[in-house]
Ligand SMILES: [Fe+3]
Ligand SMILES: [Fe+3]
Ligand SMILES: [Mg+2]
């Protein structure tokens, strides 16, 4: 059985950081990045239901959304060769690879509206990258593998599935409204700590 | 398909109340009770997965836990004739009947440790009762029906499945440690508001 405790602890700590730092993005990035790196060091905590690829579409499984929609954490599952459109976020985000590898391509938009690719990097398991309107918000993410699933854990400064944002036409740079939603109707129950509490009572 | 929106709105508002009132139990009860009454006025928002009885045991389906474990909301499903042991909570709680009917019996503990029943009331659909160490914390809840399922929605001032509390022997009043846990490993995804956000974009 999956031990969900690492995700529960991540959710508690990330919530405390969001309460403490508010809109101070640099402080949040500084404190959240090590937490995410630690979370993706192992993957035994991620239940099977949130690592299932779809034959056609990359999947976005919500793992937790803050009840005030200040932040969220999502499992992205890429089938062989799958990729996102070029898109933005409008909030801060951290992307950490937990299985396989991904290719991230960054874009800036010129004054005439055209997109220019400014970098491409291969993200291996354990790597974390940042996005936001401040540090660069337009990118495209692809499974680096043509023959296997890759999975990344994404943390965002909002309920990302409900953020009004944009996808971009790679040829013209034209912007189209985009709301991503989620692939799942149920999220993991992080809060059954009864075994842990019972064990504590017996030690006491 | 279930429209989860009433539960999502309840969770947001209850979170705001818990942040505002903190440990002021009277203020919380005053503001939360009407929210719960409003929530249980209809039951179309409660997905089937969280209304399933078990042939032997009453079920406790977590619907949402606050990430800082300050509060939680749980669907209790009583099969025909099922009842809780006599138990306490150690935190504030509100119980609202959403389907069927329940019998609630309140107890006080005498100085010699014996339990005395101080009241029994039948709770119909739409009724809400309070529990807490302040207003009376020891009770027993039973399905009022011998031939059908009853369901109630419980709101507590903590992650109730992880609270170290007690059940009581009805004869002697002897107290036994109790941690209730949850019947479910997945909770509803309240946060896919993408259809609502897309509709708003089209109106704009
Ligand atoms: Fe992205
Ligand atoms: Fe109770
Ligand atoms: Mg009904």
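Protein chains in written order, with the working numbering: chain X, 1 to 204; chain C, 1001 to 1204.
All C-beta atoms, glycine included, are put in the ideal place defined by N, C-alpha and C.
In this text, all values refer to a predicted model and were calculated from it rather than measured experimentally.
A direct Cα-to-Cα measurement between residue 1058 of chain C and residue 29 of chain X gives close to 44 Å.
For residue 1097 of chain C, none of the residues of chain X pass the 7 Å Cβ criterion, the least Cβ distance being about 24 Å. Within 7 Å of the C-beta of residue 134 of chain X there is not a single heavy atom belonging to ligand 2.
For residue 68 of chain X, the closest of X:48, X:159, X:11 by C-alpha to C-alpha distance is X:159. The CB of residue 1182 of chain C comes closer than 8 Å to the CB of 189, 191, 192, 194 in chain X, given here in chain order. In this structure residue 118 of chain X is exposed. Its beta-carbon is surrounded by fewer than 16 other beta-carbon atoms within 10 angstroms. Taking the Cβ atoms as the reference, residue 1017 of chain C lies roughly 6 Å from residue 1032 of chain C, within the contact range of under 8 Å. Contact check for residue 1187 of chain C and residue 1064 of chain C: beta-carbon distance about 6 Å, within the 8 Å limit, so the pair qualifies. Considered as a whole, the stretch 1051-1088 of chain C harbours 1059-1065, 1072-1078 as its complete beta strand (DSSP E) runs of no fewer than 3 residues, in chain order. Within the stretch 1112-1126 of chain C, not one residue has a Cβ closer than 9 Å to any Cβ of chain X. Along the stretch 1061-1084 of chain C, going in chain order, the ones with a CB nearer than 8 Å to a CB of chain X are 1062, 1064, 1065, 1066, 1067, 1068, 1069, 1072.
One Cα belongs to residue 1123 of chain C, the other to residue 1101 of chain C, and the distance between them is close to 6 Å.
In this structure the stretch 132-146 of chain X lies against the stretch 83-94 of chain X, because at least three pairs of beta carbons, one per stretch, are closer than 8 Å. Residue 28 of chain X: member of the alpha helix (DSSP H) spanning 25-39, first to last residue. Per DSSP, residue 194 of chain X is not a residue of any beta strand (DSSP E); the alpha helix (DSSP H) it occupies stretches across 194-203. For residue 201 of chain X, the neighbours in chain C by C-beta distance under 8 Å run, in chain order, 1164, 1177, 1179. Interface annotation, residue 44 of chain X: not in contact with chain C, CB-CB separation never under 8 Å.
Each residue's CA atom was taken as its position, placing residue 1045 of chain C and residue 14 of chain X some 29 Å apart.
If you compare the alpha carbons of X:150, X:22, X:109, X:121 with that of residue 168 of chain X, the shortest gap goes to X:109. Per DSSP, residue 146 of chain X has no beta bridge partner at all. Taken through DSSP and simplified to helix, strand or coil, residue 109 of chain X comes out as strand.
For residue 108 of chain X, the CB stays at least 7 Å from every heavy atom of ligand 1.
Residues of chain X with a Cβ closer than 8 Å to the Cβ of residue 1159 of chain C are, in chain order, 191, 193. A distance below 8 Å between beta-carbons, with the five flanking residues on each side excluded, links residue 1036 of chain C to the following residues of its chain, in chain order: 1010, 1094, 1096, 1128, 1153, 1155. Inter-residue distance for residue 1203 of chain C and residue 125 of chain X is about 42 Å (C-alpha atoms, whole angstroms). Taking all protein chains in view, the Cβ of residue 99 of chain X is crowded by 16 or more other Cβ atoms within 10 Å, so the residue is classified as buried. Against residue 1012 of chain C, the close residues of chain X are 67, 68, 69, in the order they occur along the chain (beta-carbon pairs closer than 9 Å). Look at residue 171 of chain X here: in three-state DSSP terms it is coil, with no helix or strand label. At a threshold of 7 Å, residue 1096 of chain C does not count as near ligand 2, since its beta carbon sits no closer than that to any of the ligand's heavy atoms.
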